[in-house]
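One structure below.
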Amino acid sequence: MRLLSILTIGVLWTCQVIAAQKPSIPNVNLQVTVQQKENGIIATDWYHILHLQCFDGSCSLTSTSLNQCKESYTGNKVFYPKVERSSTVEGNLTVTSVRDGELEVHESDVLVKSTYLFSFEPTSNSIADNLTGFSGGFVKNSIIAEKVLTVEYIPLKKRFIEVKLDCSVLLPGLSEP
């Protein structure tokens, strides 16, 4: 019985030491707009808005892609906003607190592995929302191009910026009778 008590205390102490070594994930609400850089060229016609939210240790990342212009059924150039989401709950997102004010984010699906580093101004009693730095990108095994693509994300440098898009947005509505 005494041996069992000693083992239990040892396991609890080890768990506390391991937990103390990992900084907890702070509550954050961080957004950044990025452009893709591939082979040294920044694609100025595509924009991706990344939105990282963490609360009580659970995180989600939403990516909204804009300005990917294609010809529509009317013959006009349009884009349809593409929204993708991943989360720690769903298991396709991991978030690690590297240090105070810095989160490393890994997102994965079948063909794409993304890594991001969000730097922000820490707060003590509220949700951190002041993004001060960003880097990241993805590696994709493109079946269509038959090669591995490596893309770096370049953040827009101002907190808010007006951007004129190259084409109209195609929005869903009700079906016509």
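Here the sequence shown stands for residues 3 to 179, where the numbers follow this note's numbering.
C-beta atoms are modelled at their ideal positions from N, C-alpha and C, and glycine is treated no differently.
Keep in mind that this is a model prediction, so the values were computed, not measured.
Proximity test, Cβ basis, 7 Å: Asn78 and chain D: Given the protein chain composition of this structure (a single chain), no chain D is represented.
Three-state class that DSSP yields for Leu95 in the structure shown: What you label residue 95 is simply residue 93 of the sequence shown in a count that begins at 1. Here Leu95 sits in strand by DSSP.
Proximity winner among Leu176, Leu113, Ser170 and Pro174, relative to Leu68 (alpha-carbon distances): Along the sequence shown, read from residue 1 onward, the residue named residue 68 stands at position 66. It is Ser170 whose Cα lies nearest to the Cα of Leu68.
Reduced DSSP category for Ser128 - H, G, I as helix; E, B as strand; rest coil: Numbered from its first residue, the sequence shown carries residue 128 at position 126. Coil at Ser128, not helix or strand.
Assigned secondary structure, Thr46 (DSSP; H/G/I helix, E/B strand, else coil): In the sequence shown, residue 46 corresponds to position 44, counting from 1. Thr46 falls in the coil class under three-state DSSP.
Rounded straight-line distance, which links the Cα of Ser126 to that of Val181: An answer regarding residue 181 cannot be provided, because it is not within the stretch 3 to 179 covered by the chain.
Contact between the region 130-139 and the region 164-179 (3+ Cβ pairs under 8 Å): no
Reduced DSSP category for Lys166 - H, G, I as helix; E, B as strand; rest coil: Reading the sequence shown from its first residue, position 164 is the one you call residue 166. Coil, per DSSP.
Outcome for Leu95 when other beta-carbon atoms lying within 10 angstroms are tallied against a minimum of 16: Within the sequence shown, residue 95 is the residue found at index 93, counting from 1. Buried is the call here.
Start and end residues, beta strand (DSSP E) containing Gln38: Counting from one through the sequence shown, the residue named residue 38 turns up at place 36. Gln38 -> beta strand (DSSP E) spans Val30 to Glu40.
Terminal residues of the beta strand (DSSP E) in which Asn119 lies: In the sequence shown, counting from the first residue as 1, residue 119 sits at position 117. Just to set this straight, residue 119 is Leu in the shown sequence, not Asn. Taken as a continuous stretch (DSSP letters only), the beta strand (DSSP E) holding Leu119 covers Val114 to Phe122.
For Ser74, the three-state DSSP class (helix, strand or coil): By 1-based counting over the sequence shown, the position of residue 74 is 72. Of the three classes helix, strand and coil, the one that applies to Ser74 here is coil, per DSSP.
Thr90 - DSSP class collapsed to helix/strand/coil: Within the sequence shown, numbered from 1, the residue matching residue 90 stands at position 88. Three-state result, Thr90: coil.
Supposed contact pair Ser99 and Ile27 - C-beta distance, whole angstroms, cut 8 Å: Position 25 of the sequence shown, counting from 1, holds the residue named residue 27. Position 97 of the sequence shown, counting from 1, holds the residue named residue 99. With 8 Å as the limit, Ile27 and Ser99 qualify as a contact, their Cβ atoms being about 6 Å apart.
Terminal residues of the beta strand (DSSP E) in which Ser144 lies: By one-based count along the sequence shown, residue 144 stands at place 142. Note, Ser144: beta strand (DSSP E), Leu133 to Ser144.
DSSP-derived helix/strand/coil call for Arg161: In the sequence shown, the residue the question calls residue 161 occupies position 159. Residue state, collapsed to three classes: coil.
Residues near Leu34 in its chain [Cβ-Cβ closer than 6 Å; skip 5 each side]: Residue numbering aside, residue 34 sits at position 32 when the sequence shown is read from its first letter. Strictly speaking, residue 34 in this sequence is Val, with Leu absent from that position. So the qualifying residues of the chain are Leu52, Leu133, Phe136 and Pro157.
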